[in-house]
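What follows is one structure encoded as structure tokens, with my remarks underneath.
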Amino acid sequence: MLERLLFNSDDLENVENANLTLKRGQTYTFTISASGHPFFIKSVQGNTYADAYTTGVTNTGAQDGTLTFEVPIDAPETLFYTYQFHSVMTGVIAIED
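In our numbering, the protein residues as written are 1 to 97.
What follows is the structure in structure tokens.
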């Protein structure tokens with residue numbers, strides 16, 4: 001059973017449910033391997049697909065493959081990520097200039 005999200009990048013190594021900081025105008029790719037667990041970027045925290053933030057997002061609700069997020073210049077300062085069915089699998093995305 002999938003119970004956590006692990007993030008790996010130049011700055012993170014196997015960090016569970018990490019809070020992320022992304023920059024406006026940059027593009028980020030999330031590699032998803034979680035069959036049956038749709039991944040969403042959201043404007044409101046919670047574990048449903050309601051309030052999915054889709055501006056600049058390609059493949060929202062991905063379960064396998066990649067989700068790409070080109071952060072818009074006018075993106076809100078705070079977004080969230082979540083898997084649809086597990087409320088503990090979530091985190092904050094801070095958006096900076």
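Cβ coordinates follow ideal geometry from the N, Cα and C atoms, glycine included.
Return yes when the Cβ of VAL57 is within less than 7 Å of the Cβ of ILE41, no when it is not.
-> What you label residue 41 is simply residue 41 of the sequence shown in a count that begins at 1. What you label residue 57 is simply residue 57 of the sequence shown in a count that begins at 1. Between ILE41 and VAL57, the C-beta gap is smaller than 7 Å, which places the two residues in contact.
Relative to the alpha-carbon of LYS23, which residue among THR82, THR60, GLU70 has its alpha-carbon at the smallest distance?
-> Counted from its first residue, the sequence shown places residue 23 at position 23. Of THR82, THR60, GLU70, the residue nearest in Cα terms is GLU70.
LEU2 versus ASP64: straight-line alpha-carbon distance, rounded = The residue labelled residue 2 in the question sits at position 2 within the sequence shown. The residue labelled residue 64 in the question sits at position 64 within the sequence shown. Here the model assigns LEU2 a pLDDT of 44, short of 50, so the residue's position is not dependable, and the following value carries that caveat. Going from the Cα of LEU2 to the Cα of ASP64 covers about 13 Å.
Could you check which residue in TYR49, HIS37, ALA94, GLY46 has the C-alpha nearest to that of PRO72?
-> Here residue 72 is taken as the residue at index 72 of the sequence shown, counted from 1. Ranking the options by Cα distance to PRO72, first place goes to ALA94.
For ALA94, three-class secondary structure by DSSP = By one-based count along the sequence shown, residue 94 stands at place 94. Secondary structure at ALA94: strand, using DSSP grouped into helix, strand and coil.
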